[in-house]
Amino acid sequence: MTAIETDTGATTATAVDPYGPPADEMKWLDIARELAPSFAATAAELDERAELPLDNLRAIQESGLDTAPLGKEFGGGGMSYRTFGPVLAEITKACPATGCIWLMHAGAATTLTSLSPQPVAEFYANEWLGGKRFANALSEPTSGNLFLVPLQSAEPTDGGWVLDGAKRFVSGCEIADHLLVNALVDGAPSFFGTEADETVTPIPIWDTMGMRATRSQLLSFEGSLLRTERRCRAPEPGDQNLIGLGLPWLSLGIARAAYDALVSHAQQRVIPSIDAPLSHMQWVQFDVAEAAVSIRSAEGLAARTMWLADQRSPEAMSAAIDAKLLANQVAKSVAELGVRIGGASGYLRTSSIQRHFRDAQAGGLMAYSVELCRDWIGKSELGVE
Ligand SMILES: Cc1cc2nc3c(=O)[nH]c(=O)nc-3n(C[C@H](O)[C@H](O)[C@H](O)COP(=O)(O)OP(=O)(O)OC[C@H]3O[C@@H](n4cnc5c(N)ncnc54)[C@H](O)[C@@H]3O)c2cc1C
Numbered sequence: 043m044t045a046i047e048t049d050t051g052a053t054t055a056t057a058v059d060p061y062g063p064p065a066d067e068m069k070w071l072d073i074a075r076e077l078a079p080s081f082a083a084t085a086a087e088l089d090e091r092a093e094l095p096l097d098n099l100r101a102i103q104e105s106g107l108d109t110a111p112l113g114k115e116f117g118g119g120g121m122s123y124r125t126f127g128p129v130l131a132e133i134t135k136a137c138p139a140t141g142c143i144w145l146m147h148a149g150a151a152t153t154l155t156s157l158s159p160q161p162v163a164e165f166y167a168n169e170w171l172g173g174k175r176f177a178n179a180l181s182e183p184t185s186g187n188l189f190l191v192p193l194q195s196a197e198p199t200d201g202g203w204v205l206d207g208a209k210r211f212v213s214g215c216e217i218a219d220h221l222l223v224n225a226l227v228d229g230a231p232s233f234f235g236t237e238a239d240e241t242v243t244p245i246p247i248w249d250t251m252g253m254r255a256t257r258s259q260l261l262s263f264e265g266s267l268l269r270t271e272r273r274c275r276a277p278e279p280g281d282q283n284l285i286g287l288g289l290p291w292l293s294l295g296i297a298r299a300a301y302d303a304l305v306s307h308a309q310q311r312v313i314p315s316i317d318a319p320l321s322h323m324q325w326v327q328f329d330v331a332e333a334a335v336s337i338r339s340a341e342g343l344a345a346r347t348m349w350l351a352d353q354r355s356p357e358a359m360s361a362a363i364d365a366k367l368l369a370n371q372v373a374k375s376v377a378e379l380g381v382r383i384g385g386a387s388g389y390l391r392t393s394s395i396q397r398h399f400r401d402a403q404a405g406g407l408m409a410y411s412v413e414l415c416r417d418w419i420g421k422s423e424l425g426v427e
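Residue numbering for the sequence shown follows the numbering used here, beginning at 43 and increasing consecutively.
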């Protein structure tokens with residue numbers, strides 16, 4: 043069973059889409075839709091100033107949505123992956139930086155609660171429930187896209203290992219209390235939970251073309267202790283990764299925002315030579331049809347991936363690579379269509395069209411990049427090792 047929105051905005055159960063949010067979880071989607079207008083109202087301003095969306099993150103926390111992805115066994119909402127995806131897309135459509143920081147925060151926190159030994163898992167669950175913030179410090183200046191294969195080693199010390207080095211592009215790191223960090227331990231990649239204490243310093247490198255309000259800075263680690271008891275177990279087949287599953291939805295949220303902006307412009311901009319809005323031109327109709335169907339296809343693939351994840355299927359993570367590749371490409375091509383339909387009006391800084399175009403580039407750069415996804419899928423299809 044799933045649910046659809048009625049004319050009055052209320053939700054009603056239907057049996058049409060097994061890959062969509064279960065009916066009893068529609069409340070989470072309703073909350074995201076209630077929050078979205080105020081997020082959308084400040085997105086351009088925050089982007090311009092590259093300022094963290096603190097009010098939005100607070101509102102997510104106060105609404106109860108923040109810990110909805112935490113398992114019920116820990117006192118969380120136990121939200122399914124099928125609901126998490128559309129909720130994330132709704133938030134991202136309104137404010138992409140808020141969506142990105144929330145995904146990284148919830149992703150780091152779910153990894154630490156699911157892969158840490160007890161009582162550490164319980165500790166992280168309580169920190170999350172208590173409003174503490176998490177960030178993912180995985181990418182290294184050297185390892186780039188292969189962020190799960192760190193090149194920096196942590197050296198043995200009393201009580202664990204010590205890390206000297208740097209992680210970069212850590213979304214929301216300036217407000218994080220806890221970090222999910224990885225390093226080589228005895229030559230093997232290992233994940234740890236660690237505090238963002240005085241040994242960890244943000245270096246302000248984040249002055250980007252898009253996703254500016256994520257403030258994904260470089261973090262310097264100087265003698266940071268990675269404690270033995272905070273070491274995560276290795277992921278096993280069937281373990282799901284919220285960030286990998288969520289990344290397609292980040293691009294889908296941006297694609298939807300870009301699509302809405304271009305449709306609105308096409309409906310309003312009157313072209314004197316035909317004495318009608320742009321929407322009456324055939325090339326616009328054809329391209330909008332392609333854009334609409336490509337978004338629906340990418341949403342379908344991403345929704346099926348979330349269903350696989352809810353089944354604890356070992357196939358979910360490879361399905362997420364397919365879904366990410368398609369969603370990243372769709373977001374970029376829809377945003378580019380927006381620039382064509384927008385003309386010079388859409389090129390103005392005051393237009394949201396140019397912002398969507400800038401934001402749409404990020405998904406394909408974020409690990410695993412479009413090129414890496416294509417490399418893996420292509421090799422697998424062709425039977426190349
Ligand atoms: C908005 C945003 C938010 C982010 N947030 C976080 C975060 O919270 N935490 C975090 O840890 N990281 C984060 N990242 C980092 C991200 O996940 C990637 O690790 C990072 O973008 C890789 O950048 P790079 O410059 O090192 O790319 P590189 O890996 O140097 O890639 C450069 C080019 O080489 C290509 N390439 C690289 N390796 C291969 C290969 N093996 N085969 C084929 N082509 C290849 C890439 O596709 C790309 O075209 C974020 C990035 C962005 C843009």
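The C-beta atom is built at its ideal place from N, Cα and C for all residues, glycine as well.
Source: prediction; values computed, not measured.
Should residue 50 go down as buried or exposed, given a rule of 16 or more other Cβ atoms within 10 Å for buried? Residue confidence is low: residue 50 scores 43 on pLDDT, short of 50, so the model does not pin down where it sits. No coordinate-derived value is stated.
How should residue 328 be labelled, buried or exposed, when 16 other C-beta atoms within 10 angstroms of its C-beta is the threshold for buried? exposed
Can you have a look at residue 196 and say buried or exposed, based on whether 16 or more other CB atoms are within 10 angstroms of its CB? Counting Cβ neighbours within 10 Å, residue 196 comes out buried, since at least 16 surround it.
Give every residue of the same chain whose Cβ lies closer than 6 Å to the Cβ of residue 88, excluding the five residues on either side of it in the sequence, and list them in chain order. Sequence-distant Cβ neighbours of residue 88 in its own chain, meaning closer than 6 Å and more than five residues away, are 95, 255.
Taking just the CA atoms, how far does residue 98 sit from residue 298? 20 Å
Confirm the yes/no value for this check: CB of residue 409, any heavy atom of ligand 1, distance under 7 Å. yes
Is DSSP giving residue 89 helix, strand or coil here? helix
In the DSSP output, which residue or residues are listed as bridge partners for residue 259? 212
Residues that residue 278 bridges to, as DSSP identifies them: Answer is none; residue 278 lacks a bridge partner.
Same chain, Cβ closer than 7 Å to residue 398, neighbours up to 5 away in sequence not counted: 296, 299, 300, 303, 377, 380
Between the alpha carbons of residue 415 and residue 424, how many angstroms are there, rounded? Spanning the alpha carbons of residue 415 and residue 424 requires a straight line of approximately 14 Å.
I need the straight-line Cα distance from residue 152 to residue 284, nearest angstrom please. Distance from the CA atom of residue 152 to the CA atom of residue 284, rounded to whole angstroms, is 7 Å.
Give the range of the beta strand (DSSP E) segment to which residue 322 is assigned. DSSP places residue 322 outside any beta strand (DSSP E), giving it a letter other than H or E.
Using DSSP with H/G/I as helix, E/B as strand and the rest coil, what is residue 230? strand
Using three-state DSSP, classify residue 466 as helix, strand or coil. This structure cannot settle anything about residue 466, because the visible part of the chain is limited to 43 through 427.
Quick check on this structure: which residue in 198, 294, 117, 184 has the alpha carbon closest to the alpha carbon of residue 211? Restricting attention to 198, 294, 117, 184, the CA atom closest to the CA of residue 211 is found in 184.
Could you check the C-alpha separation between residue 458 and residue 412 for me, to the nearest Å? Residue 458 is absent from the structure shown; the chain starts at 43 and stops at 427.
Between residue 125 and residue 64, how many whole angstroms is the CB-CB distance? I'm expecting something under 8 Å. Contact holds; Cβ gap of about 7 Å.
Could you tell me if the beta carbon of residue 189 falls within a distance shorter than 7 Å of some heavy atom in ligand 1? yes
Would you identify the three-state DSSP class for residue 312, choosing helix, strand or coil? strand
With a threshold of 7 Å (Cβ to nearest heavy atom), would residue 399 be considered close to ligand 1? no
Just to confirm the assignment, what range does the beta strand (DSSP E) spanning residue 179 have? 176 to 179
Less than 8 Å between the beta carbons of residue 365 and residue 314, yes or no? no
Helix, strand or coil, according to DSSP, for residue 125 in the structure here? helix
DSSP has residue 197 in a bridge; who is on the other side? 204
Return the CA-CA distance between residue 334 and residue 230, expressed in angstroms with no decimal places. Each residue's Cα considered, the two are about 45 Å apart.
Terminal residues of the continuous beta strand (DSSP E) containing residue 242? Residue 242 -> beta strand (DSSP E) spans 242 to 245.
Let's test the definition: count the other Cβ atoms within 10 Å of the Cβ of residue 279 and tell me whether it reaches 16, buried, or not, exposed. By the C-beta density criterion, residue 279 is exposed, having fewer than 16 other C-beta atoms within 10 angstroms.
Below 8 Å, how does it come out for the segment 209 to 224 and the segment 354 to 368: are there three or more Cβ pairs, yes or no? no
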